[in-house]
Structures are given as C-alpha cells and as structure tokens.
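This note's numbering numbers the first residue of the sequence shown as -4 and each following residue consecutively.
Don't be surprised by glycine CBs; every beta carbon is placed ideally from N, CA and C.
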Amino acid sequence: MKRTILALVTLALIGGNFANADVKLSRVFGNHMVLQQERPIRVFGWADPGEKVSVELAGNSAEGTAGDDGRFRVELPHMKADGKSHTLTVKGSNTIKLEDVLLGEVWICSGQSNMEWSVAISKNAQEEIAAAKHPNIRLFNVPGHVAGPVPLTDARGQWQVCSPQSVPGFSAVGYYFGRALQQKLNVPIGLVGTNWGGTRIEPWTPPVGFQQVESLKDYRQSLDATDIQSEKGKQTRQRYLDQLDKWLDVARQNLEAGKPIGQPPRANFTPKGGATQIYNGMVHALIPLSARGVIWYQGESNAGDGVRYEFLKEALVKGWRTVFENDDLSFYWVQLANFTAPNENPAGGGWGHVREGQRRALRIPNTGMAVIIDIGEARDIHPRNKQDVGARLALWALAENYGHDIVYSGPLYKGMKVEGNKIRISFDHVGGGLMMGKKEGLEPTKEDARAELTQFAIQADDGQWHWAQAKIDGDTVVVWAEGVEKPKNVHFGYQSNPVGINLYNKEGLPASPFRTE
C-alpha cells in the first residue's frame, strides 16, 4: 500500500501521456505576445499522438505531427519585424487563433531578488509607472516560485501589453532594459520574466550545463545519484524505500504497544546545492521558445563561492544555450553592486571574490557584464536605482546584437606590467579615455578631475597588501605605494563595498573591480 501511494504521488508529479480532446498550445503562447524575428519560430504544445498540426503566421505556414507522448512542435521560417499586428493560427482537430501577435525581439529576464525587484518599488516608481505607455513592449511573467525534481512541461502566466496597469509588478531591470532597446530599435520587444529571490545559481542550471564543465563533476555525480530516472537514482530510491519499510514495521509495533512511533526517514532526492530544481519548475516549460538572449542578475546568494562562480556561470550559460537550442544565445549579466559596511583591509575579499568570478566568466563567447559598483547602497542589498542597471545591460545588447557603434562597457582589466616599484595596469573598453568620475542618483556620471583615484591596493613581494596611490597615464593606470619596492599584484575595488570608487571611462561607465593574480 505504502509503495502504491508513493507511485501515485510520483505520477501526480510527473504527469502521464494522455489523449487530448483538443490541440493545446503551451501557455507561453498567447494573445499580445512577441515572437523572435530573424530566427526560426518554434510553436509547440500538445495534441493526440499522431495528429497533424498546422501553423500559419503572416502568410507563412508549416506542419508537424504530434509524437507518441502527444507533444508537437512546428517550426516557421525566419521573418522580419514589420510593425504589424498578426494572427497566429494553429489547426488540428480544433483551431486556435492568437490575436495581436508581433514580430520583434524577445529577451528572457532571470535571476534572484534584484531581477525580481519590481517597477513599483524602484526609484521614482510613480513617475515611471505613469509614463509606461509602450504598446510595442509586451510582458510575460512566470508567476510564483516553483521548484522540484521533475521538469514541468507547461508555462504559467500570460502576455500583457506594457501599460501603467501591467508594468508595476514586472521586473524593473527587465522593463528598463526593454524600454531602452525599444527606444533605440523601434521594433516590438517581448520580455519574459522568471525570477526567484534568495536563490543560488545551481537550481537554475539544467543537468546538461553541469555536464559541460569539468570542474563541476561533484554536481554531476550528485545529480546522477538523485535523478529518479537514472540507475544511481533508482538505487537511492530503493534504499529509501527499504528504510521506510523497516520504519513502518517498527512504528506499527510501537503503535500497538502504545509507544511513540517517531519520525519516518527523510527522503533526500535533492542534488547538491538544489541543482536544477528551479530550472525544472520555472524554465523548462519555456523551452524551446526562440529568443535573442538572456539578461541575468544573481550572485548574492552565491557570494560564499567566490571566484568559483565563474564556472557555475559557465554551466548556466552552456546549459541554457543547449536547452534553448541556440549556441549563440546572448547572455548578459549584472556584476554585484557595492554593499555592506566598508572594510579597511587592503587585500579585500567578501563580495570582491564573486565579482571577480563574474568578470572572469566574460571569457565565455557572446556574454557581457553591466558593472554597477557605483550605484549600490551600503545598508540595502536591493538598490532602488534599477534604471541604470537596465540601461547598462541594454548598451551591451545594442552594440553586440544590433550593431550600434557605441561604447558599451566600462574599463575591464586587460593586463599588468611591473615597472620598478610600480605596476602599470592596461584596460579594454577605455572608450574616449579614462577619467575620475562621480555618480549621483540617476544623473549621468560627471568627471571629477581634482579627485584622486581610490580603492587601489598593491601587494609587496612578502605577500603583504598595502593601500596604494594611483594615477591615470593615458589609457593606463600606474599604481604604487610608499615602502613597497618590489610589487607583485594589484587589487582594485576588491571590497564588498569599495566606498568612493571612481575610475570610469569618458562615457561615464565604471571600471570593473579586479585582481591581477
């Protein structure tokens, strides 16, 4: 009996293959949606096994057949945004018509609480909401927080036209990113939000992501041992059932004797770090939706992983590119903002380590990083200024995806050279040149030529760290410290909250914190 109950629970979680009276689309398709231009348009859902399904949009049509599991997928050819409202027609045993469907650019907005943070509680919320009349921006939000061992197959949520009524609860970073794109591109923008505050990166990563990163083999082993469909997972489940059998026998005897029965053994089918659990609940149902890219704001909950975050990010990016069937899927993330009380240790640490991991992950092709080390709040992990976050992410997309000739990143560490008792630092993305700047609120960064560069530290040959002086020399920065004759390395902004950090390029974009070792 007990195993029958477990089997029924499993079936309820997994769902079964069943006949559908009608053709049904995944709920990620709906009225007012945006479909990705210039890429194959994948339309998917369910029908009776073997049923033929046809799809028509803007004079283009295609057919497909539902598989034995009842799932169908039909692929329409590439189309360009044309500024028109279309009807998407799906025919099988019944006909579905979706109205006001636009062709444009689709971006997925994901991460933890700073991506989930809504327009309604961002800076200047009332003014921003009142001005949010953008009929060519469409919003889809995956509601609630869902995680588990079994991938869900249907999305929840519905598409909405961006308006003062629909925008308040949507991701502020996502909205400000999409607004910046729409203003520059003048094509429809579709934003798909799937977020969960306080979450680590591992639960968002599909198994195939961990499989592609050699240094994360401990996660791969853990996943294999807890996957109920794998051989090791079956062994784990069997061991639990055997333990449950023994407990039930003892509990029955204790109950008859009037003794406490105690707690049953705990079933542990959760892999290391909760890996894949949120992917199963909040991402899997979206695939294989066609999209241009992903914007990602997460890392606070992984701060303890330090520089290793580089490899966790690699697994996420490779995993999502695989499941969304797009090796070129753009992936732009936000480096963590400054936060917490200042630390006077020149060696730094804390969030400095995870920021370094985020910076190093830029080695992954088709990725980018918005640096926001100048707009955080010491006492609030959720800075209210989400406008600059979205705008800085949009710069990467405008340059890398849409060919705009702009400076899209602040200075990024390129290399170092020891010159006597000094170290010269070179950068990529210097733009019109390096400067000392000051950022206040939503105002553009202003040059502060009378200031001194701050937050540089230098390491002596004995391994000790010292606060350093630094000056701009052309497109480089020269760093030194009194008493340090043989310098080895440099840290810049390597604190959780590097107060007063002020190195920018002339375009007003801040330099990323870095370490040279």
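Item checked: Proximity of A373 and A336 at Cβ, strictly below 8 angstroms -> Residue 373 sits at position 378 when you count from the first residue of the sequence shown. Residue 336 sits at position 341 when you count from the first residue of the sequence shown. A contact, by the Cβ cut-off of 8 angstroms.
Item checked: Other residues of its chain near V141: CB distance less than 6 angstroms, five sequence neighbours each side excluded -> Here residue 141 refers to the residue found at position 146 of the sequence shown. So the list reads G276, M277, once near-sequence residues are dropped.
Note to self: Tell me the residue span of the alpha helix (DSSP H) that contains L52.
What the structure shows: Start at 1 with the first residue of the sequence shown, and residue 52 comes out as number 57. Unbroken run through L52 is the beta strand (DSSP E), 47 to 52; no alpha helix (DSSP H).
Checklist line | N- and C-terminal bounds of the beta strand (DSSP E) containing L93 | finding: For the purposes of this step, residue 93 is taken as residue 98 along the sequence shown, with counting starting at 1. Residues 90 to 106.
Item checked: N492 to S507 span [Cα, whole Å] -> To locate residue 492, count along the sequence shown from 1; it is residue 497. To locate residue 507, count along the sequence shown from 1; it is residue 512. Distance between the alpha carbons of N492 and S507: 13 angstroms.
Item checked: Exposure of E51, with buried meaning 16 or more beta-carbon neighbours within 10 Å -> Here residue 51 corresponds to residue number 56 of the sequence shown, with the count starting at 1. The residue is buried, with at least 16 neighbouring Cβ atoms inside 10 Å.
Checklist line | Inter-residue spacing [alpha-carbon to alpha-carbon] between W102 and N181 | finding: Residue 102 sits at position 107 when you count from the first residue of the sequence shown. Residue 181 sits at position 186 when you count from the first residue of the sequence shown. W102 and N181: Cα-Cα distance of roughly 15 angstroms.
Item checked: Closest residue to I282 among E295, G432, T189 (Cα-Cα distance) -> Translated into the one-based positions of the sequence shown, residue 282 becomes position 287. Looking at the Cα atoms, T189 is the closest of the given residues.
Check: Using the C-alpha atoms, what's the distance from Q258 back to M364?
Finding: On the sequence shown, residue 364 is found 369 positions in, with the first residue counted as 1. On the sequence shown, residue 258 is found 263 positions in, with the first residue counted as 1. Straight-line Cα distance between these residues: approximately 48 angstroms.
Margin query: Does S80 pass the burial test, meaning 16 or more other C-beta atoms within 10 Å, or should it be called exposed?
Written below: Position 85 of the sequence shown, counted from the start, is the residue given in the question as residue 80. With fewer than 16 other Cβ atoms within 10 Å, it is exposed.
Notebook entry, point to check: Looking only at its own chain, which residues have a Cβ that is under 6 angstroms from the Cβ of G205, when we skip the five neighbours before and after it?
Noted result: Here residue 205 refers to the residue found at position 210 when the sequence shown is read from its first residue. A quick correction: the sequence has Phe, not Gly, at residue 205. L211, Y214, R215, A310.
Notebook entry, point to check: Would P183 pass as a contact of V114 if the rule is Cβ separation under 8 angstroms?
Noted result: Position 188 of the sequence shown holds residue 183. Position 119 of the sequence shown holds residue 114. The answer is no: Cβ separation not under 8 angstroms.
Margin query: Taking the beta strand (DSSP E) that L429 belongs to, which residues open and close that run?
Written below: In the sequence shown, counting from the first residue as 1, residue 429 sits at position 434. From DSSP, the beta strand (DSSP E) with L429 extends over 429 to 433.
Note to self: Suppose the cutoff is 6 angstroms on Cβ atoms and the five residues either side in sequence are ignored; what does the same chain contact list for G426 look like?
What the structure shows: As a first step, residue 426 must be located in the sequence shown, where it is residue number 431. If we look at G426 and ignore the five residues flanking it on each side, its Cβ neighbours are V402, N500, K501, E502.
Margin query: Can you find the residues in the same chain that come closer than 7 angstroms, C-beta to C-beta, to D17, ignoring five residues on each side of it along the sequence?
Written below: As a working mapping, residue 17 is identified with position 22 in the sequence shown. These residues qualify, in order along the chain: S88, N89.
Check: Could you check where the beta strand (DSSP E) with L30 kicks off and where it finishes?
Finding: Here the question's residue 30 lines up with position 35 in the sequence shown. Unbroken beta strand (DSSP E) run through L30: 29 to 31.
Next item on the list: Determine the closest residue to Y292 out of G478, G173, I196, T200, with distance taken between C-alpha atoms.
Entry: Stepping through the sequence shown from its first residue, residue 292 is reached at position 297. Selected option, being the one with the closest Cα: I196.
Item checked: Three-state secondary structure (DSSP) of T317 -> Position 322 of the sequence shown holds residue 317. The answer is helix: DSSP assigns T317 an H, G or I state.
Margin query: At the level of alpha carbons, what is the spacing between D300 and Q490?
Written below: Reading the sequence shown from its first residue, position 305 is the one you call residue 300. Reading the sequence shown from its first residue, position 495 is the one you call residue 490. Cα-Cα distance, rounded: 15 angstroms.
Notebook entry, point to check: In terms of residues, what are the limits of the beta strand (DSSP E) holding W291?
Noted result: For this step, residue 291 is matched to residue 296 along the sequence shown. Segment 288 to 292, the beta strand (DSSP E) holding W291.
Item checked: CA nearest to the CA of Q31, picked from M110, L98, G62 -> On the sequence shown, position 36 is the one that residue 31 refers to. Ranking M110, L98, G62 by Cα distance to Q31 puts L98 first.
Item checked: C-beta atoms of G428 and E442 nearer than 8 angstroms -> Locating residue 428 in the sequence shown gives position 433, counting from the first residue. Locating residue 442 in the sequence shown gives position 447, counting from the first residue. Cβ atoms of G428 and E442: not closer than 8 angstroms.
Notebook entry, point to check: Hey, out of L93, P482, E480, A342, whose CA is closest to F509's CA?
Noted result: Sequence index remark: in the sequence shown, residue 509 carries index 514 (1-based). F509 has its Cα closest to that of A342, out of L93, P482, E480, A342.
Note to self: Strictly under 8 angstroms for the Cβ-Cβ distance: is V312 near chain C by that measure?
What the structure shows: You won't find chain C in this structure, because it holds only one protein chain.
Check: Taking the C-alpha atoms as reference points, what is the distance between L250 and I256?
Finding: Within the sequence shown, residue 250 is the residue found at index 255, counting from 1. Within the sequence shown, residue 256 is the residue found at index 261, counting from 1. If I take the Cα positions, the gap works out to 6 angstroms.
Next item on the list: Report the residue from D457, D470, N396 whose alpha carbon sits nearest the alpha carbon of G405.
Entry: In the sequence shown, counting from the first residue as 1, residue 405 sits at position 410. Closest option to G405, Cα to Cα, is D470.
Checklist line | Closest residue to A392 among F172, E123, E435, H424 (Cα-Cα distance) | finding: In the sequence shown, residue 392 corresponds to position 397, counting from 1. Comparing Cα-Cα distances from A392 to each of F172, E123, E435, H424, the minimum goes to F172.
Item checked: Backbone CA spacing between R151 and N136 [nearest angstrom] -> Against the sequence shown, residue 151 aligns to sequence position 156. Against the sequence shown, residue 136 aligns to sequence position 141. Those two C-alpha atoms are separated by around 8 angstroms.
Next item on the list: Pick helix, strand or coil for E305, following the three-state DSSP scheme.
Entry: Taking the first residue of the sequence shown as 1, we reach residue 305 at position 310. Looking at E305 - three-state DSSP - the assignment turns out to be helix.
Next item on the list: Tell me, please, which residues DSSP counts as bridged to E414.
Entry: Working through the sequence shown from its first residue, we reach residue 414 at position 419. Answer is K417.
Item checked: Coarse secondary structure for M277, derived from DSSP in three states -> The count along the sequence shown starts at 1 and reaches residue 277 at position 282. Three-state result, M277: helix.
Check: What residue does the beta strand (DSSP E) around I184 start on, and which one ends it?
Finding: Sequence index remark: in the sequence shown, residue 184 carries index 189 (1-based). Residues 184 to 190.
Notebook entry, point to check: To which residues of the same chain is W346 closer than 7 angstroms at the C-beta, ignoring the five residues directly before and after it?
Noted result: In the sequence shown, counting from the first residue as 1, residue 346 sits at position 351. Excluding positions up to five away in sequence, the list reads A298, L331, F334, S491.
Checklist line | Euclidean distance between Cα positions of K241 and R247 | finding: Indexing the sequence shown from 1 puts residue 241 at position 246. Indexing the sequence shown from 1 puts residue 247 at position 252. The straight-line gap from Cα to Cα measures roughly 10 angstroms.
Item checked: 8 angstroms Cβ cutoff met for W154 and M74 -> Translated into positions along the sequence shown, residue 154 becomes position 159. Translated into positions along the sequence shown, residue 74 becomes position 79. No, these two residues do not count as a Cβ contact at 8 angstroms.
Check: Does DSSP put R374 in a helix, a strand or coil?
Finding: Start at 1 with the first residue of the sequence shown, and residue 374 comes out as number 379. In the displayed model, R374 falls within coil according to three-state DSSP, outside both helix and strand.
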